[in-house]
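> Submitted below is the structure of interest, expressed as structure tokens.
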Amino acid sequence: MSASATAPSSAFEAHAIRITDLDKWYGDFHVLKHINLTVAKGERIVVCGPSGSGKSTLIRCVNRLEMHQKGTIVVNGTELTDNLKNIDQVRSNVGMVFQHFNLFPHLTVLDNCTLAPIWVRKQPKAQAEQLAMQYLERVRIADQAHKYPGQLSGGQQQRVAIARALCMTPSIMLFDEPTSALDPEMVKEVLDTMIMLAREGMTMLCVTHEMGFARAVADRVIFMDQGEIVEENTPDAFFDAPKNERSRQFLSQILDR
Amino acid sequence: MAAIGWLRIHLFSSALNSILTILIVAVLAWVLPGIFSWLIWDAVWGPQQPAACEAARGEGACWSVVWAKIRFMMFGTYPFGEQWRSGATIFVLTGLIVVSAIRWFWNRWLIAIWMVGIALSFWLMGGGLGLTPVKAEQWGGLPVTLILAIFGIGFAFPLGILLALGRRSQLPVIQAFSVIYIEAIRGVPLITVLFMASVMFALFMPEGMRIEQLLRAQIAIVLFIAAYMAEAVRGGLQAVPRGQYEAAEALGLSYWRAMGLIILPQALKISIPPIVNIFISVFKDTSLVVIIGIYDFAYAVKKSVETDIAWRNYIVEAFLFSILIYWIYCFAMSKYSQWLEGQLARGERR
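As given, the protein sequences belong to chains S and Y, one line each in that order.
Residue 257, in this note's numbering, is where the first sequence stops; the numbers in between run on with no holes.
Residue 607, in this note's numbering, is where the second sequence stops; the numbers in between run on with no holes.
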């Protein structure tokens, strides 16, 4: 792990995400403790850990849905501060997929996908729609383009959410427990889509407990507990022979289910 | 046969139910014929002399008072020869509501249409550019009510949205201003706001700069409704799930884009019932402007019969007529809001 603590943010940035000495509090509660994490371009990282361990908070800091109090986060060479311009720049290059999809219920699937390209990227409508159809095709849901989110199943909605994020042609994708609100039979279609993305070389930071997914695509697994990164390992080593006692405990719990 | 089955289920399902049904039918049979014969069958219709009404007194209503006084009721003291302009204004303003209700116009065009509507109304009423000037003190009747209500609603709506957003703002100054404004206005009766507008503006305005009484009332009404509108919209804003805000932010949408494209469309849909409720009550509350000397529709109706000895006994009929006009506008708004809720819910049902 390369925590280059003092490297200034420069035009040339080899890392997609560089988090240095990050601390975050909710009031008195120390939710993230001294986090150091570097994600190289094209790297796929799975973050797991018990609930309340701060893993969602961590990835939500990367597009500043959460504010951090100490340390630095540099995304594609842009440091996240109170500077709104920087935040918008980062956000339009970082796609996010949420646990509860968060599709816009009053817009059709197609409009969900074209909204940000049209209003943020200033793409002409026809071009945005063409691009959207292309991505909807890739997540195999183009035939539902003119339906409203409420008419789709959970798995379909999550695939639309992935397509919506992709329409901004992000260089990094954040996944916040993308399959944990889904019925079991729909998990696979979403994971397959994510695996496809990973194979195409997308930089990914995924909060998930899906071991199969982690083994198939992750370069590294990060295990968090009580706001700290406890273990960092290759997926096979992590799942087969965890180094840390807390990792072992956690794994035995999720494997028991 | 189906009818008998229906009756059995709904009206005679038990002994108590049967007794209540019979009782209510009996009361209606006793009361309704009297009401209907007074309102319709024994009433005096058409352009008749007061003597005809005198003859039917106590037996039937005198609708001839409406025929005799219709122009005063509708247009108040507006110059008689120019009253076609008042009539045209009623059409323009009613047309403005109808156009605003059509979803197809819900875009930038609506602002242009409103500007044209406002300009046209004030040109028709006030004159100039080829029309004889008519001072605002002479305006009266239904056009005045429509101007106060429609422009009141039209300007208070965006202002209320801004106040609602302001109340939820992260910026302390804007939030404090919105809260203080909303709570201050909601804490006082409309009548006092009208009084204040009538008296205070005159105190604060520099010498020689006089605002028409009607404009003062209009501003007071806009400021008043905006506070209520803000709270109705805030209810909707709070009902939009947090995930919607986050998804909009994560896509890089700016605050105003996120609000305009994602949050407000959902929030306003949720707020339709309380918003229309405010519209309806405002439409009727405009009649309070009479206390600062403005001749609105309700007051014109009252004056039209009070000032004529021959017809002054038929004030009840005159008021029933004004009730009918108010009811038509308010009922239309109510029905429209129900239809709109159904339309907006279509397709996106979960």
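Heads up, the beta-carbon is just placed ideally off N, CA and C, and yes, glycines get one too.
Determine the contact status of I347 (chain Y) and M331 (chain Y), defining contact as a CB-CB distance below 9 Å.
The residue given as residue 347 (chain Y) occupies position 90 in the second sequence. The residue given as residue 331 (chain Y) occupies position 74 in the second sequence. A contact, by the Cβ cut-off of 9 Å.
> List, from N- to C-terminal side, the alpha helix (DSSP H) runs of 4 residues or more that fit wholly inside the stretch 315-342 of chain Y.
321-332
> Work out the CA separation of S270 (chain Y) and A259 (chain Y) for me, nearest whole Å.
By one-based count along the second sequence, residue 259 (chain Y) stands at place 2. By one-based count along the second sequence, residue 270 (chain Y) stands at place 13. Each residue's Cα considered, the two are about 15 Å apart.
> Taking the alpha helix (DSSP H) that I529 (chain Y) falls in, what are its first and last residues?
The residue you call residue 529 (chain Y) lines up with position 272 of the second sequence. For I529 (chain Y), the enclosing alpha helix (DSSP H) stretches over residues L521 to D542.
> What are the boundary residues of the alpha helix (DSSP H) that includes V39 (chain S)?
Counting from one through the first sequence, the residue named residue 39 (chain S) turns up at place 39. Element bounds for V39 (chain S): not the alpha helix (DSSP H) but the beta strand (DSSP E), F29 to A40.
> What residues of chain S sit near A507 (chain Y), judged by a beta carbon separation below 7 Å?
Counted from its first residue, the second sequence places residue 507 (chain Y) at position 250. Result: N63, L65, R91 and M96.
> On the CB-based measure, 16 or more other CB atoms within 10 Å of its CB, does E574 (chain Y) come out buried or exposed?
Within the second sequence, the letter at position 317 stands for residue 574 (chain Y). By the neighbour-count rule (16 or more Cβ atoms within 10 Å), E574 (chain Y) is buried.
> May I ask you to report which of helix, strand or coil DSSP gives G599 (chain Y)?
For the purposes of this step, residue 599 (chain Y) is taken as the residue at position 342 of the second sequence. In the structure shown, G599 (chain Y) adopts helical secondary structure according to DSSP, grouped into three states.
> Beta carbons nearer than 7 Å to chain Y: which residues of the stretch 162-181 of chain S have them?
M168
> What are the start and end residues of the alpha helix (DSSP H) that includes K147 (chain S)?
As a position in the first sequence, residue 147 (chain S) is number 147, starting the count at 1. Looking at the DSSP string, K147 (chain S) is not in any alpha helix (DSSP H), and its letter there is neither H nor E.
> Helix, strand or coil: which one does DSSP assign to H267 (chain Y)?
Position 10 of the second sequence holds residue 267 (chain Y). In the three-state reduction of the DSSP assignment, H267 (chain Y) falls in the helix class, which pools H, G and I.
> At the level of alpha carbons, what is the spacing between M196 (chain S) and I431 (chain Y)?
Within the first sequence, residue 196 (chain S) is the residue found at index 196, counting from 1. Within the second sequence, residue 431 (chain Y) is the residue found at index 174, counting from 1. The straight-line gap from Cα to Cα measures roughly 47 Å.
> Looking at C113 (chain S): is its Cβ nearer than 9 Å to the Cβ of A126 (chain S)?
Here residue 113 (chain S) refers to the residue found at position 113 of the first sequence. Here residue 126 (chain S) refers to the residue found at position 126 of the first sequence. No, the Cβ-Cβ distance between C113 (chain S) and A126 (chain S) is not below 9 Å.
> Which stretch, first to last residue, makes up the alpha helix (DSSP H) that contains I370 (chain Y)?
Numbered from its first residue, the second sequence carries residue 370 (chain Y) at position 113. Residues R365 to G383.
> Near D183 (chain S), what residues of its chain come up, given a Cβ to Cβ distance below 7 Å and the 5 sequence neighbours on each side ignored?
Taking the first sequence and counting its residues from 1, the one referred to as residue 183 (chain S) is at position 183. G154.
> What's the call for T203 (chain S), buried or exposed, on a 16-neighbour Cβ count within 10 Å?
Your numbering for residue 203 (chain S) matches position 203 in the first sequence. T203 (chain S) comes out buried.
> Is the beta carbon of I229 (chain S) less than 9 Å from the beta carbon of A16 (chain S)?
Within the first sequence, residue 229 (chain S) is the residue found at index 229, counting from 1. Within the first sequence, residue 16 (chain S) is the residue found at index 16, counting from 1. Against a cut-off of 9 Å, the Cβ pair of A16 (chain S) and I229 (chain S) comes out as no contact.
> Can you pull out the residues from the stretch 270-292 of chain Y whose beta carbon lies closer than 7 Å to at least one beta carbon of chain S?
Listed in sequence order: no entries.
> Against chain Y, does D88 (chain S) count as a neighbour if the rule is that its beta carbon must be under 9 Å from one of theirs?
Along the first sequence, one-based indexing puts residue 88 (chain S) at 88. At least one chain Y Cβ lies under 9 Å of D88 (chain S).
> Between which two residues does the alpha helix (DSSP H) holding A505 (chain Y) run?
The count along the second sequence starts at 1 and reaches residue 505 (chain Y) at position 248. Following the DSSP letters along the chain, one finds A505 (chain Y) inside the alpha helix (DSSP H) bounded by residues R499 to A507.
> I'd like the span of the beta strand (DSSP E) that includes Y556 (chain Y), first residue to last.
For the purposes of this step, residue 556 (chain Y) is taken as the residue at position 299 of the second sequence. Here Y556 (chain Y) belongs to no beta strand (DSSP E); instead the alpha helix (DSSP H) covers F554 to E563.
> Between the stretch 359-370 of chain Y and the stretch 298-305 of chain Y, do three or more beta carbon pairs fall short of 8 Å?
Not touching, per the Cβ criterion.
> What does DSSP give as the partner residue(s) for V75 (chain S) in the beta ladder?
Indexing the first sequence from 1 puts residue 75 (chain S) at position 75. According to DSSP, which records beta bridges pairwise, V75 (chain S) is partnered with S:I17 and S:T78.
> When the Cα atoms are used, what is the spatial distance from F379 (chain Y) to A345 (chain Y)?
Taking the first residue of the second sequence as 1, we reach residue 379 (chain Y) at position 122. Taking the first residue of the second sequence as 1, we reach residue 345 (chain Y) at position 88. Their backbone Cα atoms lie some 11 Å apart in a straight line.
> Would you please verify whether the beta carbon of I478 (chain Y) is less than 9 Å from any beta carbon of chain S?
Position 221 of the second sequence, counting from 1, holds the residue named residue 478 (chain Y). No - not a single Cβ of chain S is within 9 Å of the one on I478 (chain Y).
> Expressed to the nearest angstrom, what Euclidean distance is found between the alpha-carbon atoms of A557 (chain Y) and G397 (chain Y)?
The residue labelled residue 557 (chain Y) in the question sits at position 300 within the second sequence. The residue labelled residue 397 (chain Y) in the question sits at position 140 within the second sequence. Cα to Cα, A557 (chain Y) sits roughly 7 Å from G397 (chain Y).
> By alpha-carbon positions, which one of Y:L377, Y:E394 and Y:H267 ends up nearest to L386 (chain Y)?
Counting from one through the second sequence, the residue named residue 386 (chain Y) turns up at place 129. The shortest Cα separation from L386 (chain Y) among Y:L377, Y:E394 and Y:H267 belongs to Y:L377.
> Report all residues from its chain with a CB closer than 8 Å to the CB of Q470 (chain Y); omit the five preceding and five following residues, and keep chain order.
Taking the second sequence and counting its residues from 1, the one referred to as residue 470 (chain Y) is at position 213. The beta carbon of Q470 (chain Y) sits closer than 8 Å to those of A393, E394, S455, I549, G550 and I551, all from its chain and outside the five residues before and after it, given in chain order.
> Are the beta-carbon atoms of G423 (chain Y) and F408 (chain Y) separated by less than 9 Å?
Within the second sequence, the letter at position 166 stands for residue 423 (chain Y). Within the second sequence, the letter at position 151 stands for residue 408 (chain Y). Not in contact: G423 (chain Y) and F408 (chain Y) (Cβ atoms no closer than 9 Å).
> Nearest CA to the CA of A421 (chain Y): which residue from Y:L494, Y:W341 and Y:P400?
In the second sequence, the residue the question calls residue 421 (chain Y) occupies position 164. That would be Y:L494, whose Cα lies nearest to the Cα of A421 (chain Y).
> Mind listing which residues of the stretch 520-540 of chain Y have their C-beta closer than 9 Å to chain S's C-betas, in chain order?
P522, Q523 and K526
> Hey, out of Y:F414, Y:L525 and Y:I476, whose CA is closest to A483 (chain Y)'s CA?
By 1-based counting over the second sequence, the position of residue 483 (chain Y) is 226. Ranking the options by Cα distance to A483 (chain Y), first place goes to Y:F414.
> Run down chain S in chain order and give the residues with a C-beta less than 9 Å from the C-beta of E503 (chain Y).
Position 246 of the second sequence, counted from the first residue, corresponds to residue 503 (chain Y). Per Cβ cutoff of 9 Å: R60, L65, M96, F98 and N102.
> Who are the neighbours of L451 (chain Y) on chain S, taking C-beta pairs under 7 Å?
The residue given as residue 451 (chain Y) occupies position 194 in the second sequence. Those within 7 Å of L451 (chain Y) in chain S number zero; the least Cβ separation is about 38 Å.
> Under 9 Å between the Cβ atoms of V62 (chain S) and K55 (chain S)?
Position 62 of the first sequence holds residue 62 (chain S). Position 55 of the first sequence holds residue 55 (chain S). Contact: no.
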